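4 protein chains.
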Amino acid sequence: MQSKLIVAVEFGDTDPAAIVFYPNFFRWFDASAWRLFVKAGLTLDILQNEFGLIGVPIADARSTFIKPLRFGDSIEITTYVASWKRKTFNLVHEVRKDGELYAKGLEIRVCAEPLEDGSGGIRAILIPDEIKWRLSARD
Amino acid sequence: MQSKLIVAVEFGDTDPAAIVFYPNFFRWFDASAWRLFVKAGLTLDILQNEFGLIGVPIADARSTFIKPLRFGDSIEITTYVASWKRKTFNLVHEVRKDGELYAKGLEIRVCAEPLEDGSGGIRAILIPDEIKWRLSARD
Amino acid sequence: MQSKLIVAVEFGDTDPAAIVFYPNFFRWFDASAWRLFVKAGLTLDILQNEFGLIGVPIADARSTFIKPLRFGDSIEITTYVASWKRKTFNLVHEVRKDGELYAKGLEIRVCAEPLEDGSGGIRAILIPDEIKWRLSARD
Amino acid sequence: MQSKLIVAVEFGDTDPAAIVFYPNFFRWFDASAWRLFVKAGLTLDILQNEFGLIGVPIADARSTFIKPLRFGDSIEITTYVASWKRKTFNLVHEVRKDGELYAKGLEIRVCAEPLEDGSGGIRAILIPDEIKWRLSARD
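Protein chains in written order, with my numbering: chain A, 74 to 212; chain B, 74 to 212; chain C, 74 to 212; chain D, 74 to 212.
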């Protein structure tokens with residue numbers, strides 16, 4: 074399964090060099106990850122109330138920036154799960170403008186539940202089969 | 074040379090799980106990179122007017138997130154150049170709370186000048202010795 | 074003339090109370106203001122190169138927040154010029170979900186040009202008739 | 074009682090005109106409001122667990138922007154309660170650089186508790202005397 078998110082690059086996303094301030098790419102990656110989760114029926118409400126998770130936080134994030142984006146650009150972000158491990162999964166985000174690749178991101182996410190020791194800590198659990206199954210369904 | 078940046082985690086930096094929304098780490102990495110540049114005498118004004126750069130944009134950014142941060146936490150970010158290539162250099166950002174490592178980031182940056190073909194494009198140049206020298210000076 | 078901007082409320086726009094962190098509304102107002110300017114043919118490039126402006130910065134901004142918005146909400150922002158003075162104009166932003174008003178914003182903007190004393194300062198000029206005319210055109 | 078917050082204006086806070094993108098002022102106002110609340114002993118945890126609130130959300134926010142701020146500027150934000158009504162209170166935020174006023178903000182906030190109808194809605198309650206008393210204490 075893959076999701077597509079269209080993003081309009083806004084004036085406020087850009088810096089004094091008139092190109093996108095790069096942390097915004099990660100903001101868009103997170104938004105695009107949620108498009109995929111929701112498409113798979115995994116809303117935040119379902120993740121919290123059916124799976125007992127606090128969410129699917131990030132263990133590792135990275136991006137390669139190929140060409141700069143500017144105010145007025147319209148981009149399409151394609152997001153899909155590239156691989157699974159027992160407790161982590163890799164989400165790939167491909168950012169294209171007019172079909173050309175402008176950035177490519179990778180998020181390593183976990184399924185996290187709260188520690189029950191009152192510390193406020195969280196821990197990664199084995200990824201539930203149901204979540205793996207839903208995110209791997211054919212489009 | 075290394076720089077230190079103290080950051081207070083704000084309410085608005087956190088998400089519905091009450092932990093920091095991860096793109097903010099990259100916002101802090103960029104701020105911490107500028108602390109290092111300015112400490113080395115490389116203000117944006119000097120980079121633009123003495124070196125003819127549009128800036129030092131990011132070719133690649135990544136971070137490992139070790140423990141979650143919350144509103145009210147105070148963190149210290151230590152930033153330094155870890156390695157040089159001909160056209161890129163690696164900046165490491167270590168995020169600590171109470172001396173303990175909470176995240177570790179890496180930015181690969183370039184020295185960029187505008188293309189002169191009116192396209193609005195930018196290109197990475199050989200890193201000027203002066204910039205390398207300044208960022209490598211002893212503290 | 075009025076413009077419409079559709080915004081999807083993202084996970085990262087919300088705070089530990091799971092409602093939108095309010096500075097994001099102003100980010101959306103700015104994006105919606107640019108939709109109106111561009112619809113009127115006033116791109117940033119045209120404002121800078123044909124009108125000699127550095128932009129249309131904000132002298133005053135305000136918003137009333139009527140009902141909270143949450144992750145997953147889809148909103149529509151309607152933006153139009155409500156009044157003109159010699160050096161300022163008032164932009165109104167109406168935020169609706171399912172037709173119901175959730176917030177109402179007002180931005181007072183100026184047409185700014187750079188001071189020529191090298192101070193980096195800016196000053197508001199008389200609003201050019203052409204700008205007023207374009208933003209007042211019938212849809 | 075009043076609080077002071079020092080903020081360093083970062084590269085990423087500024088726009089293509091090299092001045093602060095204005096929604097960031099509201100981000101700083103919120104941070105400064107929390108400095109005041111915490112100084113008065115009203116942490117988020119205490120507001121939630123002792124007072125049963127979801128927080129102190131914004132009913133109305135506004136700001137006048139007097140002079141532009143740039144990357145590298147250091148500002149001081151002074152925050153205090155200017156007036157009380159039964160269900161709202163007004164927070165004033167004065168932004169100064171080198172003692173000079175650059176912006177002045179006003180937030181109208183409420184003490185909000187969750188509706189118990191499962192709608193996810195919130196409602197403003199009468200401001201508890203204890204909250205009023207704490208925020209009105211002498212410095």
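Note that the Cβ used here is the ideal one computed from N, Cα and C, for glycine as well.
All values derive from a computational prediction rather than experimental measurement.
For residue j and residue i, believed in contact at Cβ under 8 Å, the rounded distance
{"i": "Leu-142 of chain A", "j": "Val-183 of chain A", "result": "With a Cβ gap of about 29 Å, Leu-142 of chain A and Val-183 of chain A do not count as contacting."}
Cβ-based neighbour list, residue i, same chain, cut-off 6 Å, excluding 5 preceding and 5 following
{"i": "Ser-156 of chain D", "result": "Asn-163"}
{"i": "Leu-88 of chain D", "result": "It is Asp, not Leu, that sits at residue 88 of chain D in the sequence shown. Excluding residues within five positions, the ones whose Cβ falls inside 6 Å are Phe-94."}
{"i": "Thr-137 of chain C", "result": "Lys-177"}
{"i": "Asp-133 of chain B", "result": "Ile-181"}
{"i": "Asp-86 of chain A", "result": "Val-93 and Asn-97"}
{"i": "His-166 of chain D", "result": "Phe-102, Ser-105, Ile-150, Thr-152 and Gly-178"}
{"i": "Asp-146 of chain A", "result": "Val-82 and Lys-170"}
{"i": "Ser-76 of chain A", "result": "Arg-108, Leu-109, Lys-112 and Thr-152"}
{"i": "Arg-135 of chain C", "result": "Leu-179"}
{"i": "Val-168 of chain B", "result": "Ile-148, Ile-150, Tyr-175 and Ala-176"}
{"i": "Ser-192 of chain B", "result": "none"}
Residue i vs residue j beta-carbon contact at 8 Å
{"i": "Phe-124 of chain C", "j": "Ala-176 of chain C", "result": "no"}
{"i": "Ile-198 of chain A", "j": "Glu-186 of chain A", "result": "yes"}
{"i": "Ile-200 of chain B", "j": "Arg-159 of chain B", "result": "yes"}
{"i": "Leu-109 of chain A", "j": "Leu-174 of chain A", "result": "no"}
{"i": "Trp-101 of chain B", "j": "Val-80 of chain B", "result": "yes"}
{"i": "Lys-170 of chain A", "j": "Ile-148 of chain A", "result": "yes"}
Chain-order list of residues whose beta-carbon lies under 8 Å from that of residue i (same chain, five-residue window excluded)
{"i": "Ile-127 of chain C", "result": "Gln-121, Ala-185, Glu-186, Pro-187 and Ile-195"}
{"i": "Arg-211 of chain D", "result": "Met-74"}
{"i": "Ala-91 of chain B", "result": "Arg-143 and Phe-144"}
Sequence-distant residues of the same chain with beta carbon closer than 7 Å to residue i, five excluded per side
{"i": "Phe-84 of chain A", "result": "Phe-144"}
{"i": "Leu-115 of chain B", "result": "Ile-204 and Arg-207"}
By the 8 Å beta-carbon criterion, what residues does the region 76 to 97 of chain A contribute toward chain C? Those residues of the region 76 to 97 of chain A that come within reach of chain C (Cβ to Cβ, closer than 8 Å) are Ala-81, Glu-83, Phe-84 and Gly-85.
Chain A contacts made by the region 99 to 129 of chain C, where a contact means CB separation under 8 Å: Going along the region 99 to 129 of chain C in chain order, one finds Arg-100, Asp-103, Ala-104, Trp-107, Val-111, Thr-116 and Leu-117 with a Cβ nearer than 8 Å to chain A.
Looking at chain D, which residues of the region 152 to 165 of chain B have a Cβ within less than 7 Å of any of its Cβ atoms? Of all residues in the region 152 to 165 of chain B, none is placed with a Cβ closer than 7 Å to any Cβ belonging to chain D.
Compile a chain-ordered list of the residues in the region 137 to 149 of chain A whose CB is closer than 9 Å to at least one CB of chain C. Answer set for the region 137 to 149 of chain A: Phe-144 and Gly-145.
Quick one: which residues of the region 191 to 207 of chain B get their C-beta closer than 9 Å to a C-beta of chain A? List them in chain order. With the criterion set as a beta carbon lying under 9 Å from some beta carbon of chain A, the members of the region 191 to 207 of chain B are Gly-193, Gly-194 and Ile-195, in sequence order.
Taking a cut of 9 Å between CB atoms, which residues from the region 169 to 184 of chain D lie near chain C? Result list: Leu-179, Glu-180 and Ile-181.
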